[in-house]
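The structure appears below as structure tokens.
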Amino acid sequence: MQVDRRCAVCGACFTWLLLLFSTLSVRASGVGSTHKSIPASVVKLWASAFGGEMKSISAKYSGSQLLQKKYKEFEHAVRVEEIDGLRLVKRLAKNMEEMFHKKAQAMKRLVEAAEEAHLLHEEDPDLQYEYFNAVLINEVNEEGNNVELGGEFVLQPNDHFNNLSVNLSLSVVQVPTNMYNKDSAIVNGVFWSEALNKVFVDNFERDPSLIWQYFGSAKGFFRQYPGIKWKPDEHGVIAFDCRNRKWYIQAATSPKDVVILVDVSGSMKGLRLTIARQTVSSILDTLGDDDFFNIIAYNEELHYVEPCLNGTLVQADVTNKDHFREHLDKLFAQGIGMLDIALTEAFSLLSDFNKTGRGSECSQAIMLVTDGAVHTYDAIFDRYNWPDKKVRIFPYLIGRESAFAENLKWMACANKGYFTQISTLADVQENVMEYLHVLSRPKVIDREHDTVWTEAYIDSTLPQAQKLDDGQGPVLMTTVAMPVFSTKNETRNHGILLGVLSNQDFLTAEDKEGVFNADHFPLWYKRAAEQVPGTFVYSIPFSTALENKSVVLASTAIQLLDDRKSPIVAA
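Below you can see the structure in the form of structure tokens.
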């Protein structure tokens, strides 16, 4: 039936269009000839008939009359109320200010407690301390006894956490699978950070709208309140590393522009190239939405990993990073490595991009992934980077050989960077993280406890995310974070970052402050900011019929057609 209607519409339109074109043809052929032109009254009659037919077809198949009828049915129950926009904005701003202040104060209490606890703690390499490991709690061995770092940990369902089983009195500690649970640095960090439990509980009592409170250590462990049981994936692995999360990165470092240089000369064949790919991928993990980057492979020539983005940097959002990862597998090793042309290109790229004003306009860095350098290339650094040293150099030496390590170390030291050697795939994650400590030093030395709010995101990496939904799909959330510094006299001038503290909030219409609802998500703000002045954009979240309940945001522009206070709505 639907096909027949479409055919009817198409047939009618075709008939009238054919008539119109025939008329125009006759009129055109009559120019300069003896044929008499068609009277204007006849053309108007045809146009009126054509317009009437089109209007009739539109009314028949668009459903406009039915829509008008539906509106009439509800007209008696609907009233138009004029809203004072300025008053509404002021009230929203006041609520947001109070909410942000409350969350930030909770962060400050945690930071003060953490820095004081670390100040009073004396590092003990032989320290033995049993803590509640998030994976091992309530686990028993074959004899029925609690496993080491496990123990009995009371968990009860809680409505505030969507009936997840939690412990409101204690936190748990998660350690990445590739790290040793009882490493001395881990145990010492866990020991002094136990002081946060009391503040976690106090914060939740003061502000029951709080969700999760975290401490992400620079050593790699992750303390979470309230305590919850973590379960490994089907391979027995928990790949989560708090230092890769956007709230940690944004709080620990300033925004940055990064060029990653990858050596693809013949000496990088085999395992070295595999390690190099993983190293680049791990570097991408440490970049956040405030950062900009590009990847250049080099041998005798330069090869932008994504040729379409030659000569520029792109925002380090999830989509761009995943796109570049796909291209890493296309790299192959051959030829001779010409590091001089690669460094020259990287410096020029950073300089040119910075002049556009589209980048981070803050820190700049060159990540060099190679198996060695035969020269120090001081002439290039003298031309592009000295004496200001605005660009830091971070060389990653791939492989066990150290023949050319000294040149790379010199590059790092001469350009305010850091040298790291990565011998195996197991070394990648931990060694890549070292550069974050260097970039955080200016913040630490200047004691900049910046409060950072992340944009709205759906966090599917934590175990609690599996059950945190509002019945229509995953829930958007935001995180406030603040860095924690060492205040000990012997390390104060070294700029030691201890970690990042944060708490998490849902962006739902049910939040007690009434600040976050569907009309105030960041995507709505971004879409509105992109519009021509005088237009409005509404982003309407709705669920698809798919099993994963993906949230889709549909935007529609509303043009102010006149000077009335109410806009003309265009669906």
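Counted the way mature numbering (1 follows the signal peptide of the UniProt record, and there is no 0) counts, the sequence shown spans residues -28 to -1, 1 to 543.
Positions of the beta carbon are idealized from the N, C-alpha and C atoms, including for glycine.
Handout entry: D477 - DSSP class collapsed to helix/strand/coil
Key = Residue state for D477 is assigned as strand, using DSSP reduced to three classes.
Exercise for the section: Ignore the nearest five residues each way along the sequence and tell me which others in R297's own chain have a CB closer than 8 Å to its CB. Expected result: Only S253 and L256 meet the Cβ criterion.
Handout entry: Buried or exposed by the 16-neighbour rule on C-beta atoms within 10 Å, applied to D235
Key = Per the 10 Å Cβ criterion, buried.
Problem - Span separating the alpha-carbon of I315 from that of F304 - result: It is worth fixing the name first, because residue 315 is Leu in this sequence and not Ile. Each residue's Cα considered, the two are about 20 Å apart.
Handout entry: C-alpha distance - N135 paired with K170, whole-angstrom precision
Key = Near 23 Å, if we compare the C-alpha coordinates of K170 and N135.
Practice task
Please name the residue in E114, Q287, K361 and G307 whose C-alpha comes closest to that of G331.
Solution key: Nearest in C-alpha terms to G331, of all of E114, Q287, K361 and G307, is Q287.
Handout entry: Alpha carbon of G344 to alpha carbon of A85, nearest angstrom
Key = Rounded to whole angstroms, G344 to A85 spans 44 Å at the Cα level.
Problem - Rounded Cβ spacing between K182 and N475 (contact assumed at less than 8 Å) - result: The sequence shown places Leu at residue 182, not Lys. Yes, they are in contact, since the Cβ atoms of L182 and N475 sit about 6 Å apart, within 8 Å.
Handout entry: Residue of D422, H409, E427 and R419 minimising C-alpha distance to S189
Key = Answer by Cα proximity: H409.
Handout entry: 8 Å contact criterion, which N379 and H421 should meet: CB distance rounded
Key = In this structure, N379 and H421 do not form a Cβ contact; the two beta carbons are roughly 38 Å apart against a cut-off of 8 Å.
Handout entry: Beta-carbon proximity check, V452 vs T426, cutoff 9 Å
Key = Yes. Within cutoff.
Problem - Where S320 falls, given that 16 or more other Cβ within 10 Å makes a residue buried - result: Result: exposed.
Practice task
Name the two residues that bound the continuous alpha helix (DSSP H) containing Q393.
Solution key: Run containing Q393: none in the alpha helix (DSSP H); it sits in the beta strand (DSSP E), T392 to I394.
Exercise for the section: Pull up the distance between the alpha-carbon of L411 and that of I221, whole angstroms please. Expected result: Rounded to whole angstroms, L411 to I221 spans 10 Å at the Cα level.
Exercise for the section: Just the C-alpha distance for I370 and I232, rounded to the nearest angstrom, thanks. Expected result: Distance between the alpha carbons of I370 and I232 is about 14 Å.
Problem - Collapsed DSSP secondary structure at Q128 in the structure displayed - result: If DSSP states are grouped into helix, strand and coil, Q128 belongs with the strands.
Practice task
Taking 9 Å as the cut-off, decide whether the C-beta atoms of G199 and L108 are in contact.
Solution key: Not in contact: G199 and L108 (Cβ atoms no closer than 9 Å).
Practice task
Output the distance between the C-alpha atoms of M383 and M68, rounded to the nearest integer angstrom.
Solution key: Cα atoms of M383 and M68: separation of roughly 47 Å, rounded to the nearest angstrom.
Problem - Cα-Cα separation, V(-3) to I10 - result: Any reading at V(-3) must be qualified, since the residue scores a pLDDT of 48, below 50, and its modelled position is unreliable; the value itself is stated next. Cα to Cα, V(-3) sits roughly 9 Å from I10.
Handout entry: Cutoff 7 Å; reference A224; Cβ partners in own chain excluding five residues on either side
Key = Closer than 7 Å at the Cβ level, and outside the excluded window around A224, lie L408, S412, P455, L469 and V472.
Problem - Host alpha helix (DSSP H) of I417 (start-end) - result: Residues E406 to I417.
Problem - Length of the line joining the Cα atoms of G176 and L140 - result: Rather than Gly, the amino acid found at residue 176 in this sequence is Phe. Spanning the two alpha carbons is a distance of roughly 9 Å.
Problem - Straight-line gap, I158 to H90 (C-alpha atoms, nearest Å) - result: Rounded to whole angstroms, I158 to H90 spans 13 Å at the Cα level.
Practice task
Taking L99 and F194 to be in contact with their CB atoms under 8 Å, please state how far apart those CB atoms are, rounded to whole angstroms.
Solution key: Rounded, the Cβ-Cβ distance is 19 Å, inconsistent with contact.
Handout entry: Inter-residue Cα distance where the pair is K361 and L64
Key = In a straight line, the C-alpha of K361 is about 44 Å away from that of L64.
Problem - Inter-residue Cα distance where the pair is N110 and V144 - result: Those two C-alpha atoms are separated by around 12 Å.
Problem - Segments of 4+ residues assigned as alpha helix (DSSP H) that fall wholly inside the region 358 to 387 - result: DSSP assignment within the region 358 to 387 yields the following whole alpha helix (DSSP H) runs of 4 residues or more, N-terminal first: 377 to 386.
Practice task
Pull up the distance between the alpha-carbon of Q146 and that of E272, whole angstroms please.
Solution key: If I take the Cα positions, the gap works out to 45 Å.
Problem - CB-CB length for N105 against N153, believed under 8 Å - result: Your pair N105 and N153 checks out as a contact, with CB atoms roughly 6 Å apart and the cut at 8 Å.
Problem - Which of helix, strand or coil DSSP assigns to R59 - result: Reduced to three states, the DSSP call for R59 is helix.
Problem - Bounding residues of the beta strand (DSSP E) (the contiguous stretch that carries Q196) - result: Residues F194 to Y197.
Exercise for the section: On a CA-only basis, which of Q401, E462, W18 and G283 is nearest A211? Give me that one, please. Expected result: Nearest of Q401, E462, W18 and G283 to A211, Cα basis: Q401.
Practice task
With a 10 Å radius around its C-beta and 16 neighbouring C-beta atoms as the bar for buried, classify G116 as buried or exposed.
Solution key: It counts as exposed.
Practice task
Give the single residue among N461, T450, E462 and H466 whose Cα lies nearest to the Cα of D477.
Solution key: From the listed residues N461, T450, E462 and H466, the smallest Cα separation to D477 is found for T450.
Exercise for the section: Report yes if the C-beta distance between T392 and F376 is below 9 Å; otherwise report no. Expected result: The Cβ-Cβ distance between T392 and F376 does not fall below 9 Å.
Handout entry: Length of the line joining the Cα atoms of W184 and Q306
Key = So the two alpha carbons sit approximately 49 Å from each other.
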